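J.:
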Amino acid sequence: MRATVRDAMSTDVVSVRSQTSIDDAERLVVQYCLSELFVTNEQGRLVGTLPDYVILKRRLAKAPRPRQTVEHFMSRRFLVIDADSPVCVAARYLREHVHNRLAVVEGMSLIGQITRGAVLQLLSQNTRDTQPCEAHLSPEIRQIHRPRLISGTMISPTNAVR
């Protein structure tokens with residue numbers, strides 16, 4: 001059986017709610033050396049991301065910094081991948097794009113993250129998964145499992161196309 005995103009993902013994810021203060025979010029980014037924070041609602045559904053460069057721009061701004069929430073700064077455009085997608089799909093996407101991690105979802109809920117490092121570690125341990133992935137995926141699976149850019153509304157890759 002081929003490795004899935006679930007096999008390589010980490011469930012140890014630092015996330016914040018959209019109503020978290022931007023100052024608290026900044027402290028988390030600094031404390032954990034994060035490039036971005038995932039933003040969830042009260043039900044644990046991913047609603048956005050907060051990149052570190054947005055926090056940096058805010059920090060460097062000369063204007064007064066009133067107390068604001070993450071919701072004001074977060075991006076509502078983000079990528080997700082389903083936990084049961086083949087890990088090679090995540091590997092291809094992470095190789096071809098600037099993202100160093102993807103949010104992993106089950107249904108509509110954030111359950112983890114998968115990073116380039118985790119994918120590389122899994123692939124280096126499993127030589128059967130280092131073969132070109134494209135040849136092992138039918139066109140239907142490629143379509144179903146492709147990570148999707150979400151804008152506003154969360155769509156899981158596995159249930160977006162039937």
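1 is the number of the first residue of the sequence shown in the numbering used here; add one for each residue after it.
Backbone N, C-alpha and C define an ideal beta-carbon position, used for all residues, glycine too.
From a predicted model like this one, the values you see are computed outputs, not experimental measurements.
DSSP state of R6, grouped into three classes?
T.: In the sequence shown, counting from the first residue as 1, residue 6 sits at position 6. Helix, per DSSP.
J.: Around the Cβ of V30, are there at least 16 other Cβ atoms within 10 angstroms (buried) or fewer (exposed)?
T.: For the purposes of this step, residue 30 is identified with residue 30 of the sequence shown, where counting begins at 1. Its Cβ having fewer than 16 others within 10 Å, V30 is exposed.
J.: Could you spell out where the beta strand (DSSP E) holding G48 opens and where it closes?
T.: Along the sequence shown, one-based indexing puts residue 48 at 48. Here the beta strand (DSSP E) through G48 covers L46 to P51.
J.: Between the stretch 55-75 and the stretch 7-22, are three or more C-beta pairs nearer than 8 Å?
T.: Because the criterion of three Cβ pairs below 8 Å is met, the stretch 55-75 and the stretch 7-22 touch.
J.: Is V47 near A91, with beta carbons less than 8 Å apart?
T.: As a position in the sequence shown, residue 47 is number 47, starting the count at 1. As a position in the sequence shown, residue 91 is number 91, starting the count at 1. Contact: no.
J.: Quick check: the Cα distance between R2 and L56, rounded to an integer number of angstroms?
T.: Position 2 of the sequence shown, counting from 1, holds the residue named residue 2. Position 56 of the sequence shown, counting from 1, holds the residue named residue 56. Approximately 40 Å, taken between the alpha carbons.
J.: Ignore the nearest five residues each way along the sequence and tell me which others in S15's own chain have a CB closer than 6 Å to its CB.
T.: Indexing the sequence shown from 1 puts residue 15 at position 15. F38 and T40, listed in sequence order.
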